[in-house]
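Per the numbering used here, the very first residue in the sequence shown carries number 545; after that it's consecutive.
Only one structure is covered here, and it is reproduced in the block below.
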Amino acid sequence: MTEPGDTLLDRLGRWLAGRLQGESSGYEPYTPSDAETLRRTLEPGDILLIEGNQKISAAIKYLTQSTWSHAAFYVGDALPAPEDGSERPRLIEVTIGEGCVAVPLSRYRTYNTRICRASGLAPEDRDKVVAFMIGRLG
């Protein structure tokens, strides 16, 4: 898993990220999310809060005194459907191991979630935020 030009810090960082992404014990979803219900409810610009089940999630929840350890941005149908027929990515998120990526709603079907919606955001401003987030993928 080493790449040309890797430093000791690069390898250490990848190792640490892998360890922190491991599942923590004792996670019990009490209201798992149904991807289809989420799709019907969410609007572009919404933030989906997620109670993660990774080791780093436990640390985030402890340090922030919050139930929620992760957030993903809903972009609706703004991203193209995959050519292989798999589920369309509708969320943009940043993770410690992957960076800024687009993922389908089904990724969080076994997680506790909550929807946050900016009530005073004009539709044109919402469209700008969606475009900004899509521009940060990669």
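Beta carbons: idealized from backbone N, C-alpha and C, even for Gly.
Note that the structure is predicted; figures quoted are calculated from it, not measured.
Who are Tyr-618's beta bridge partners in DSSP? The count along the sequence shown starts at 1 and reaches residue 618 at position 74. When beta bridges are read from the DSSP output, Tyr-618 appears opposite Leu-635.
| query | What separation, rounded to the nearest whole angstrom, lies between the Cα atoms of Arg-632 and Ser-650? | reply | Position 88 of the sequence shown, counting from 1, holds the residue named residue 632. Position 106 of the sequence shown, counting from 1, holds the residue named residue 650. Distance between the alpha carbons of Arg-632 and Ser-650: 10 Å.
| request: Counting only the same chain and skipping the five closest in sequence on each side, list residues whose C-beta sits under 8 Å from that of Trp-612. | output: Locating residue 612 in the sequence shown gives position 68, where the first residue counts as 1. If we look at Trp-612 and ignore the five residues flanking it on each side, its Cβ neighbours are Leu-593, Ile-594, Glu-595, Lys-605 and Arg-658.
Opposing strand residues paired with Ala-646 [DSSP bridges]: As a working note, residue 646 is residue 102 in the sequence shown. Residue pairing for Ala-646: DSSP places it in a beta bridge opposite Ile-636.
Put Leu-553 into one of helix, strand or coil per three-state DSSP. Counting from one through the sequence shown, the residue named residue 553 turns up at place 9. The answer is helix: DSSP assigns Leu-553 an H, G or I state.
Review point. Sorted by chain position, which residues of the same chain lie with C-beta nearer than 7 Å to Gly-590's C-beta, five sequence neighbours on each side aside?
Key: Residue numbering aside, residue 590 sits at position 46 when the sequence shown is read from its first letter. In the sequence on display, residue 590 carries Asp and not Gly. For Asp-590, where only same-chain residues beyond five positions count, the Cβ hits under 7 Å are Tyr-618, Ile-659, Cys-660 and Arg-661.
Kindly list the residues whose CB is nearer than 8 Å to the CB of Gly-759, restricted to its own chain and excluding five residues on each side of it in sequence; keep chain order. Absent from the structure is residue 759, since the part of the chain shown begins at 545 and ends at 682.
- Item | From Ser-630, Ser-601 and Ile-640, residue whose alpha carbon lies closest to that of Asn-656 | Position 112 of the sequence shown, counted from the first residue, corresponds to residue 656. Of the candidates Ser-630, Ser-601 and Ile-640, the one whose C-alpha sits nearest the C-alpha of Asn-656 is Ser-601.
According to DSSP, which residues form a beta bridge with Arg-658? Indexing the sequence shown from 1 puts residue 658 at position 114. Beta-bridge pairing links Arg-658 to Leu-593.
Applying the criterion that 16 or more other CB atoms from any shown protein chain within 10 Å of the CB defines a buried residue, is Ala-625 buried or exposed?
As a position in the sequence shown, residue 625 is number 81, starting the count at 1. Looking at its Cβ environment, which holds fewer than 16 other Cβ atoms inside 10 Å, Ala-625 is exposed.
- prompt: Considering only C-alpha positions, which residue in the set Arg-558, Met-677 and Trp-559 is nearest to Ile-636?
  reply: Taking the sequence shown and counting its residues from 1, one reaches residue 636 at position 92. Cα-wise, what sits closest to Ile-636 is Met-677.
Is the distance from the Cβ of Arg-653 to the Cβ of Ala-579 below 7 Å? Taking the first residue of the sequence shown as position 1, residue 653 is located at position 109. Taking the first residue of the sequence shown as position 1, residue 579 is located at position 35. Yes; because the gap between Cβ atoms is below 7 Å, this pair is in contact.
- Have a look at Ser-688 and Ala-603 and give me their C-alpha separation to the nearest angstrom. The question about residue 688 has no answer here: the residues shown for the chain are numbered 545 through 682.
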